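Read through the structure below, which is laid out as structure tokens, and then see the notes.
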Amino acid sequence: MNSLFEIQPEKLNENVFQLLGKDWMLITAGTIDAYNTMTASWGGMGVLWNRNVCYIVVRPQRHTFTFLEKNDYFTLSFFHEKYRDVLKFCGARSGRDVNKAAETGITPMVTGNNAVYFAEARIVIECKIIYYQDINPNNFIDPSIAKNYPQQDYHRMYIGEIISVKIA
Ligand SMILES: Cc1cc2nc3c(=O)[nH]c(=O)nc-3n(C[C@H](O)[C@H](O)[C@H](O)COP(=O)(O)O)c2cc1C
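Take the sequence shown: its letter number 57 is residue 57 in this note's numbering, and every next letter is one higher.
Given below as structure tokens:
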């Protein structure tokens, strides 16, 4: 388990393509009494409306989607390579069927805003949802994007303002 300390977002010294695209993350939404987590590798970080933000994209059939809809915050938890099997599990199974933390042995923790993250993470980014928008196939300028949606289950994009960044 890591002891995490808070840093300013500007001090996060990571490559976002590696962090999201290769290392993957857990998106977690809800409160400690009712939350869910899932693996994700699509999304990003940047600056919008003069705020530091993260964006995530979640398909509507995900159990995590329900929690994003009902709560104001989400967290992104990033792990060392030895947790790859945890991320694979949380990306293959649904919280509708299993308790992912109990099954994988990761430890849920709460932020000051009652958002849930995992103690074993090496980086935790806490975000407050400030905007959402559904991916609109009418706007696929590159038509090959459509192959990502054989079931027309277009992601909902959530933009979260970064509230805190913790690193191990
Ligand atoms: C590497 C990886 C990346 C994923 N990225 C996303 C993503 O960005 N958005 C999404 O909706 N699902 C993504 N998934 C799929 C969800 O993690 C998966 O469907 C999960 O079982 C959903 O769990 P839930 O129903 O408990 O929310 C990804 C899965 C893996 C393995």
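Glycine included, each C-beta is placed from N, C-alpha and C at the ideal position. A quick note: this is a predicted structure, and the numbers were derived from the prediction, not measured.
What is the DSSP secondary structure of L12, counted as helix, strand or coil? Here L12 sits in coil by DSSP.
A29 by DSSP, collapsed to three states: which one? A29: strand per DSSP, three-state reduction.
What residue from L26, E10, K22 and G30 has the CA that sits closest to V110's CA? Distance check between V110 and each of L26, E10, K22 and G30 places G30 closest, using alpha-carbon atoms only.
Please state whether DSSP places T111 in a helix, a strand or coil. The three-state reading of DSSP puts T111 in coil, since its state is none of H, G, I, E or B.
Indicate whether the contact test is met: 3 or more Cβ pairs, each with one atom in the stretch 124 to 131 and one in the stretch 15 to 22, closer than 8 Å. Contact fails: fewer than three Cβ-Cβ distances are below 8 Å.
Would I123 pass as a contact of N52 if the rule is Cβ separation under 8 Å? No, they are not a contact pair.
Where does S3 sit, in a helix, a strand or coil, going by DSSP? Residue state, collapsed to three classes: coil.
Using the C-alpha atoms, what's the distance from N139 back to S94? Using only the alpha carbons, I get a separation of about 30 Å.
Taking 7 Å as the line, does the beta carbon of M38 fall inside it for any heavy atom of ligand 1? Yes.
Residue range of the unbroken beta strand (DSSP E) whose run includes V57: Start and end: R51 to V58.
Can you find at least 3 beta carbon pairs, one from the stretch 106 to 120 and one from the stretch 132 to 150, that sit closer than 8 Å? Taking 8 Å as the limit for Cβ pairs, the verdict is that the stretch 132 to 150 does not touch the stretch 106 to 120.
For V116 and E14, what's the separation of their Cα atoms in angstroms? V116 and E14: Cα-Cα distance of roughly 22 Å.
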